[in-house]
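Following: one structure in structure tokens, then a few remarks.
Protein chains: 2
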Amino acid sequence: MKAKVYIKHRQEILDPQGKAVLQGLNNLGFKGLTDVRVGKYIEITLDCASVESAHEQVKDMCERLLVNTVIENYTYVIEP
Amino acid sequence: MKAKVYIKHRQEILDPQGKAVLQGLNNLGFKGLTDVRVGKYIEITLDCASVESAHEQVKDMCERLLVNTVIENYTYVIEP
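First to last, the sequence lines map onto chains A and B. Position one of the first sequence corresponds to residue 1 (this note's numbering), numbered consecutively onward. Position one of the second sequence corresponds to residue 81 (this note's numbering), numbered consecutively onward.
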């Protein structure tokens, strides 16, 4: 099965990469943009006995390696 | 409205960052992982008259700045 993890900076944390992308889009002539946030998207292919155990394992991976929970938020979905 | 853009390397392109994360997860004792791909997740807040024009604008942003279409795939969703 496949796990898709979406990670972004917490709302109160500055995101200079997002600001740079916003500036770049403005320079290209795009109008009406108010905010851009750049985060990470991680796709994990894993063999798991059940969706429940996959949920547990992916949550554990996020907390222990993938996400810096001090400055980042994450969500994930499991696709069987 | 909000656009969420998901970018990842094409399947045939090597993803060393993903390989490093896979190795890290294995070292932490996670079993049964067969592949990890690391991509980008971009959230854009924009003022647009309609969902259709937002679709058009976001597609244009992806093609012109956000995505290197030679080596990357992207998908996006628009949330009103």
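For each residue, glycine too, the CB sits at the ideal point set by N, CA and C.
_Proximity winner among Asn153(B), Gln137(B), Cys142(B), relative to Lys81(A) (alpha-carbon distances)_ = With chain A covering only 1 through 80, there is no way to say anything about residue 81(A).
*If you count every other CB in all the chains shown that lies within 10 Å of the CB of Leu126(B), and 16 or more means buried, which is it?*
Position 46 of the second sequence, counting from 1, holds the residue named residue 126(B). Leu126(B) should be labelled buried.
*asked:* Rounded to whole angstroms, what is the Cα-Cα separation between Asn26(A) and Gln11(A)?
replied: Numbered from 1 along the first sequence, position 26 holds the residue referred to as residue 26(A). Numbered from 1 along the first sequence, position 11 holds the residue referred to as residue 11(A). So the two alpha carbons sit approximately 22 Å from each other.
_Buried versus exposed call for Ala3(A) [16 or more other C-beta atoms within 10 Å across all chains shown]_ = Here residue 3(A) refers to the residue found at position 3 when the first sequence is read from its first residue. Classification for Ala3(A): buried.
*Secondary structure at Glu56(A), three-state DSSP: helix, strand or coil?*
Along the first sequence, read from residue 1 onward, the residue named residue 56(A) stands at position 56. Note: Glu56(A) maps to helix in three-state DSSP.
_Test item: CB-CB of Tyr86(B) and Tyr121(B) under 8 Å_ = Here the question's residue 86(B) lines up with position 6 in the second sequence. Here the question's residue 121(B) lines up with position 41 in the second sequence. In this structure, the beta-carbon distance from Tyr86(B) to Tyr121(B) falls below 8 Å.
_What does the Cβ neighbour count give for Val67(A), buried or exposed, with the cut at 16 atoms within 10 Å?_
Residue 67(A) sits at position 67 when you count from the first residue of the first sequence. Burial call: buried.
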